[in-house]
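Only one structure is covered here, and it is reproduced in the block below.
Take a look at the structure:
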(Lines of atoms letter the chains of each structure in order from A and count residues from 1; the text may use other names and numbers.)
(Lines give C-alpha, C1' and ligand atoms only; values in the text may rest on other atoms or scores of the structure.)
Protein backbone atom coordinates (compact mmCIF):
# COMPACT_ATOMS: atom_id res chain seq x y z
CA UNK A 1 0.00 0.00 0.00
CA UNK A 2 2.81 2.40 0.89
CA UNK A 3 4.58 1.58 -2.36
CA UNK A 4 1.38 2.38 -4.25
CA UNK A 5 1.01 5.77 -2.57
CA UNK A 6 4.66 6.58 -3.26
CA UNK A 7 4.15 5.85 -6.95
CA UNK A 8 1.12 8.15 -7.07
CA UNK A 9 3.04 10.90 -5.25
CA UNK A 10 5.96 10.66 -7.68
CA UNK A 11 3.63 10.65 -10.68
CA UNK A 12 1.80 13.73 -9.38
CA UNK A 13 5.11 15.47 -8.82
CA UNK A 14 6.20 14.78 -12.40
CA UNK A 15 2.91 15.86 -13.94
CA UNK A 16 2.40 18.96 -11.71
CA UNK A 17 5.86 20.13 -10.73
CA UNK A 18 4.86 23.70 -9.89
CA UNK A 19 1.94 22.72 -7.65
CA UNK A 20 4.03 20.04 -5.94
CA UNK A 21 6.93 22.43 -5.40
CA UNK A 22 4.68 25.10 -3.88
CA UNK A 23 3.01 22.55 -1.59
CA UNK A 24 6.32 21.14 -0.40
CA UNK A 25 7.85 24.58 0.09
CA UNK A 26 4.88 25.82 2.11
CA UNK A 27 4.83 22.81 4.40
CA UNK A 28 8.63 22.71 4.73
CA UNK A 29 8.86 26.37 5.71
CA UNK A 30 6.05 25.95 8.25
CA UNK A 31 7.75 22.93 9.83
CA UNK A 32 11.17 24.63 9.82
CA UNK A 33 9.73 27.62 11.69
CA UNK A 34 7.52 25.67 14.09
CA UNK A 35 10.15 23.19 15.31
CA UNK A 36 12.35 25.87 17.02
CA UNK A 37 9.22 27.51 18.43
CA UNK A 38 8.06 24.17 19.83
CA UNK A 39 11.48 23.46 21.34
CA UNK A 40 11.54 26.92 22.96
CA UNK A 41 8.12 26.36 24.53
CA UNK A 42 9.15 22.92 25.81
CA UNK A 43 12.32 24.40 27.32
CA UNK A 44 10.41 27.18 29.07
CA UNK A 45 7.84 24.77 30.51
CA UNK A 46 10.51 22.32 31.67
CA UNK A 47 12.08 24.71 34.19
CA UNK A 48 12.80 23.13 37.59
CA UNK A 49 11.31 19.79 36.51
CA UNK A 50 14.54 18.07 37.60
CA UNK A 51 13.78 18.59 41.28
CA UNK A 52 12.26 15.57 43.03
CA UNK A 53 10.08 17.65 45.36
CA UNK A 54 9.00 20.19 42.76
CA UNK A 55 5.31 20.05 43.72
CA UNK A 56 6.10 20.74 47.38
CA UNK A 57 8.70 23.51 47.01
CA UNK A 58 7.60 27.11 47.52
CA UNK A 59 9.22 30.52 47.69
CA UNK A 60 8.06 33.08 50.24
CA UNK A 61 7.30 36.45 48.61
CA UNK A 62 6.63 39.84 50.14
CA UNK A 63 3.92 42.40 49.31
CA UNK A 64 4.68 45.90 50.68
CA UNK A 65 1.68 47.79 52.06
CA UNK A 66 2.89 51.02 50.47
CA UNK A 67 2.89 49.37 47.02
CA UNK A 68 0.24 46.62 47.10
CA UNK A 69 0.60 46.00 43.35
CA UNK A 70 4.24 45.02 43.78
CA UNK A 71 5.63 41.63 44.81
CA UNK A 72 9.16 41.16 46.09
CA UNK A 73 11.03 37.86 46.07
CA UNK A 74 13.14 38.89 49.08
CA UNK A 75 11.97 38.67 52.68
CA UNK A 76 13.55 39.27 56.13
CA UNK A 77 16.07 36.68 57.29
CA UNK A 78 13.86 35.81 60.28
CA UNK A 79 11.24 34.23 58.03
CA UNK A 80 13.03 30.92 57.35
CA UNK A 81 13.54 29.99 61.04
CA UNK A 82 9.94 30.97 61.79
CA UNK A 83 8.62 28.69 59.03
CA UNK A 84 10.08 25.51 60.52
CA UNK A 85 9.43 26.62 64.09
CA UNK A 86 5.79 27.70 63.80
CA UNK A 87 4.29 25.84 60.83
CA UNK A 88 4.11 22.04 61.23
CA UNK A 89 3.47 21.52 57.51
CA UNK A 90 6.92 22.92 56.64
CA UNK A 91 9.59 20.21 56.53
CA UNK A 92 12.56 22.44 55.68
CA UNK A 93 13.30 26.08 54.95
CA UNK A 94 16.41 27.83 53.67
CA UNK A 95 17.53 31.37 52.96
CA UNK A 96 19.45 32.13 49.79
CA UNK A 97 21.48 35.34 49.75
CA UNK A 98 23.69 36.42 46.89
CA UNK A 99 27.03 37.66 48.17
CA UNK A 100 27.06 41.40 48.78
CA UNK A 101 23.43 41.63 47.60
CA UNK A 102 24.62 40.90 44.06
CA UNK A 103 28.10 42.44 44.16
CA UNK A 104 30.74 40.10 42.66
CA UNK A 105 32.90 38.45 45.30
CA UNK A 106 36.68 38.33 45.35
CA UNK A 107 37.93 34.83 46.11
CA UNK A 108 41.47 34.16 47.26
CA UNK A 109 42.78 30.67 46.56
CA UNK A 110 46.47 29.79 46.90
CA UNK A 111 47.54 33.45 46.73
CA UNK A 112 45.50 34.00 43.55
CA UNK A 113 42.42 36.24 43.30
CA UNK A 114 39.31 35.32 41.32
CA UNK A 115 36.09 37.22 40.65
CA UNK A 116 32.88 35.32 41.30
CA UNK A 117 29.37 36.44 40.34
CA UNK A 118 27.48 33.38 41.57
CA UNK A 119 28.50 33.05 45.21
CA UNK A 120 25.53 32.48 47.52
CA UNK A 121 25.10 32.04 51.25
CA UNK A 122 22.49 29.56 52.42
CA UNK A 123 21.31 27.24 55.17
CA UNK A 124 22.14 23.52 55.27
CA UNK A 125 18.47 22.71 54.60
CA UNK A 126 18.84 24.02 51.05
CA UNK A 127 20.10 20.56 50.10
CA UNK A 128 16.98 18.94 51.54
CA UNK A 129 14.82 21.15 49.35
CA UNK A 130 16.72 21.05 46.05
CA UNK A 131 18.53 18.10 44.46
CA UNK A 132 22.29 18.58 44.12
CA UNK A 133 24.28 15.78 42.52
CA UNK A 134 27.53 15.60 44.49
CA UNK A 135 30.46 13.96 42.74
CA UNK A 136 32.77 14.19 45.75
CA UNK A 137 32.50 15.24 49.37
CA UNK A 138 29.85 15.12 52.08
CA UNK A 139 26.57 14.74 50.19
CA UNK A 140 24.45 14.00 53.28
CA UNK A 141 25.25 17.27 55.08
CA UNK A 142 27.35 19.49 52.79
CA UNK A 143 27.16 22.60 55.00
CA UNK A 144 27.47 20.78 58.30
CA UNK A 145 30.25 23.08 59.52
CA UNK A 146 29.83 26.83 59.96
CA UNK A 147 32.75 27.55 57.59
CA UNK A 148 31.78 24.95 54.98
CA UNK A 149 31.46 25.78 51.30
CA UNK A 150 30.49 23.65 48.29
CA UNK A 151 31.28 24.41 44.66
CA UNK A 152 30.19 23.13 41.27
CA UNK A 153 32.48 21.27 38.88
CA UNK A 154 33.16 24.31 36.71
CA UNK A 155 34.37 26.33 39.71
CA UNK A 156 36.39 23.39 41.02
CA UNK A 157 38.31 23.24 37.75
CA UNK A 158 38.71 27.03 37.56
CA UNK A 159 39.94 27.47 41.12
CA UNK A 160 41.87 24.25 41.74
CA UNK A 161 42.63 22.73 38.34
CA UNK A 162 43.31 19.00 38.61
CA UNK A 163 43.94 19.20 42.36
CA UNK A 164 41.26 17.85 44.70
CA UNK A 165 39.24 20.77 46.11
CA UNK A 166 38.15 18.90 49.26
CA UNK A 167 39.67 20.49 52.34
CA UNK A 168 41.04 23.44 50.39
CA UNK A 169 40.59 26.99 51.68
CA UNK A 170 38.71 29.83 49.99
CA UNK A 171 38.86 33.36 51.41
CA UNK A 172 35.89 35.55 50.48
CA UNK A 173 36.37 39.33 50.23
CA UNK A 174 39.28 39.21 52.70
CA UNK A 175 36.84 37.93 55.29
CA UNK A 176 35.50 34.45 55.94
CA UNK A 177 37.92 31.56 55.54
CA UNK A 178 35.86 28.75 54.05
CA UNK A 179 36.74 25.09 53.63
CA UNK A 180 35.50 23.13 50.61
CA UNK A 181 33.44 20.13 51.73
CA UNK A 182 31.86 19.05 48.45
CA UNK A 183 31.72 19.38 44.68
CA UNK A 184 28.42 19.05 42.81
CA UNK A 185 27.55 18.80 39.14
CA UNK A 186 26.64 22.07 37.45
CA UNK A 187 22.92 22.70 37.67
CA UNK A 188 21.16 22.48 34.28
CA UNK A 189 20.30 25.69 32.47
CA UNK A 190 16.59 25.11 33.08
CA UNK A 191 17.02 25.44 36.83
CA UNK A 192 15.75 28.69 38.35
CA UNK A 193 18.57 28.80 40.89
CA UNK A 194 22.11 28.79 39.53
CA UNK A 195 24.70 29.05 42.35
CA UNK A 196 28.28 28.18 41.45
CA UNK A 197 29.45 28.41 45.07
CA UNK A 198 27.34 28.01 48.22
CA UNK A 199 28.72 28.97 51.61
CA UNK A 200 27.16 28.30 54.99
CA UNK A 201 24.95 31.24 55.92
CA UNK A 202 26.53 31.33 59.40
CA UNK A 203 29.89 32.30 57.89
CA UNK A 204 28.48 35.48 56.36
CA UNK A 205 28.64 38.62 58.47
CA UNK A 206 24.99 39.35 57.73
CA UNK A 207 23.93 36.23 59.63
CA UNK A 208 24.89 37.71 62.98
CA UNK A 209 21.52 39.43 63.43
CA UNK A 210 18.07 37.96 62.90
CA UNK A 211 15.48 40.61 62.11
CA UNK A 212 12.07 41.30 60.56
CA UNK A 213 12.78 44.80 59.29
CA UNK A 214 15.01 44.47 56.23
CA UNK A 215 13.98 42.22 53.32
CA UNK A 216 17.00 40.91 51.41
CA UNK A 217 16.79 37.12 51.48
CA UNK A 218 15.09 34.78 49.04
CA UNK A 219 13.54 32.04 51.15
CA UNK A 220 12.45 28.61 49.96
CA UNK A 221 10.54 25.99 51.91
CA UNK A 222 9.65 22.34 51.43
CA UNK A 223 6.19 21.28 52.53
CA UNK A 224 5.54 17.85 53.96
CA UNK A 225 3.69 15.37 51.70
CA UNK A 226 -0.04 15.99 51.77
CA UNK A 227 0.25 19.51 53.16
CA UNK A 228 -2.42 21.96 52.00
CA UNK A 229 -0.67 24.93 50.37
CA UNK A 230 -3.66 27.21 50.99
CA UNK A 231 -3.55 26.47 54.72
CA UNK A 232 0.21 27.01 54.80
CA UNK A 233 -0.19 30.31 52.96
CA UNK A 234 -2.56 31.57 55.68
CA UNK A 235 -0.12 30.53 58.39
CA UNK A 236 2.77 32.23 56.58
CA UNK A 237 0.72 35.42 56.30
CA UNK A 238 0.05 35.30 60.06
CA UNK A 239 3.76 35.31 60.95
CA UNK A 240 4.02 39.09 60.66
CA UNK A 241 1.26 39.60 63.22
CA UNK A 242 2.95 37.22 65.62
CA UNK A 243 6.48 38.59 65.40
CA UNK A 244 5.96 42.27 64.54
CA UNK A 245 3.98 43.61 67.47
CA UNK A 246 4.04 47.28 66.50
CA UNK A 247 1.43 47.84 63.81
CA UNK A 248 3.48 50.67 62.28
CA UNK A 249 6.45 48.33 61.79
CA UNK A 250 4.26 45.74 60.08
CA UNK A 251 4.86 47.18 56.62
CA UNK A 252 4.41 44.05 54.49
CA UNK A 253 2.47 40.82 53.99
CA UNK A 254 3.88 37.40 53.16
CA UNK A 255 2.62 34.76 50.73
CA UNK A 256 4.02 31.64 49.10
CA UNK A 257 4.59 30.93 45.42
CA UNK A 258 5.07 27.41 43.96
CA UNK A 259 8.49 26.75 42.49
CA UNK A 260 6.73 25.37 39.41
CA UNK A 261 5.37 28.87 38.70
CA UNK A 262 8.48 30.91 39.41
CA UNK A 263 10.03 30.83 35.94
CA UNK A 264 6.97 31.75 33.88
CA UNK A 265 4.95 33.73 36.42
CA UNK A 266 7.52 36.07 37.95
CA UNK A 267 7.96 38.69 35.25
CA UNK A 268 6.41 41.32 37.54
CA UNK A 269 8.23 40.17 40.70
CA UNK A 270 11.15 42.35 41.73
CA UNK A 271 14.08 42.13 44.15
CA UNK A 272 15.09 38.64 43.08
CA UNK A 273 18.50 37.05 42.56
CA UNK A 274 17.09 34.69 39.94
CA UNK A 275 18.21 35.80 36.49
CA UNK A 276 16.56 33.03 34.47
CA UNK A 277 13.08 34.51 34.31
CA UNK A 278 10.64 33.80 31.49
CA UNK A 279 7.16 35.13 30.81
CA UNK A 280 4.03 33.06 30.29
CA UNK A 281 2.68 35.77 27.97
CA UNK A 282 5.67 35.35 25.67
CA UNK A 283 5.25 31.56 25.66
CA UNK A 284 1.56 31.89 24.80
CA UNK A 285 2.27 34.41 22.04
CA UNK A 286 4.90 32.14 20.51
CA UNK A 287 2.51 29.19 20.76
CA UNK A 288 -0.20 31.17 18.96
CA UNK A 289 2.32 32.24 16.33
CA UNK A 290 3.27 28.62 15.69
CA UNK A 291 -0.38 27.60 15.48
CA UNK A 292 -1.08 30.44 13.06
CA UNK A 293 1.81 29.38 10.84
CA UNK A 294 0.52 25.79 10.75
CA UNK A 295 -3.02 26.96 9.92
CA UNK A 296 -1.77 29.22 7.11
CA UNK A 297 0.35 26.40 5.68
CA UNK A 298 -2.62 24.01 5.85
CA UNK A 299 -4.95 26.51 4.17
CA UNK A 300 -2.34 27.15 1.48
CA UNK A 301 -1.97 23.41 0.92
CA UNK A 302 -5.74 22.91 0.65
CA UNK A 303 -6.13 25.86 -1.72
CA UNK A 304 -3.42 24.54 -4.02
CA UNK A 305 -4.84 21.01 -3.85
CA UNK A 306 -8.32 22.32 -4.65
CA UNK A 307 -7.04 24.39 -7.57
CA UNK A 308 -5.14 21.39 -8.90
CA UNK A 309 -8.15 19.08 -8.60
CA UNK A 310 -10.37 21.60 -10.41
CA UNK A 311 -7.81 21.90 -13.20
CA UNK A 312 -7.57 18.12 -13.42
CA UNK A 313 -11.38 17.81 -13.53
CA UNK A 314 -11.57 20.26 -16.44
CA UNK A 315 -8.87 18.33 -18.30
CA UNK A 316 -10.72 15.06 -17.79
CA UNK A 317 -13.98 16.65 -18.98
CA UNK A 318 -12.36 18.02 -22.13
CA UNK A 319 -10.69 14.70 -22.87
CA UNK A 320 -13.98 12.84 -22.50
CA UNK A 321 -15.69 15.33 -24.79
CA UNK A 322 -12.99 14.77 -27.39
CA UNK A 323 -13.15 11.02 -26.88
CA UNK A 324 -9.63 10.84 -25.46
CA UNK A 325 -8.56 8.61 -22.51
CA UNK A 326 -9.11 10.46 -19.20
CA UNK A 327 -5.61 9.92 -17.92
CA UNK A 328 -3.82 11.70 -20.77
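Numbering (UniProt numbering), first residue to last: 1 to 328. Here a beta-carbon is modelled for each residue, glycine too, at the ideal position from N, C-alpha and C.
Burial check for residue 135: the Cβ neighbour count within 10 Å stays below 16, so the residue is exposed. With a contact defined as Cβ atoms closer than 8 Å, residue 149 and residue 126 miss out at about 13 Å. Counting only runs of 3 or more residues that sit fully inside the stretch 71-104, the beta strand (DSSP E) segments are 90-98, in chain order. In this structure, the straight-line span from the alpha carbon of residue 166 to that of residue 151 is close to 10 Å. Residues 61, 63, 233, 236 and 237 of the same chain have their beta carbon placed closer than 7 Å to that of residue 255, with the five preceding and five following residues left out of the count. Its Cα nearest to that of residue 174, the residue 203 stands out among 203, 54 and 69. In the structure shown, residue 231 falls within a helical segment according to DSSP collapsed to helix, strand and coil. Under DSSP, residue 263 takes part in no beta bridge, so it has no partner. When C-alpha distances from residue 36 are compared across 198, 290, 189 and 221, the shortest belongs to 290.
From the listed residues 30, 59, 41 and 183, the smallest Cα separation to residue 96 is found for 59.
Per DSSP, residue 59 is one residue of the beta strand (DSSP E) stretching across 57-64.
Looking from the CA of residue 89, the closest CA among 269, 294, 222 and 257 belongs to 222. For residue 66, the number of other beta carbons within 10 angstroms of its own is below 16, and it is reported as exposed. Nearest to residue 200 by C-alpha distance, out of 50, 110 and 147, is 147. In the three-state reduction of the DSSP assignment, residue 306 falls in the helix class.
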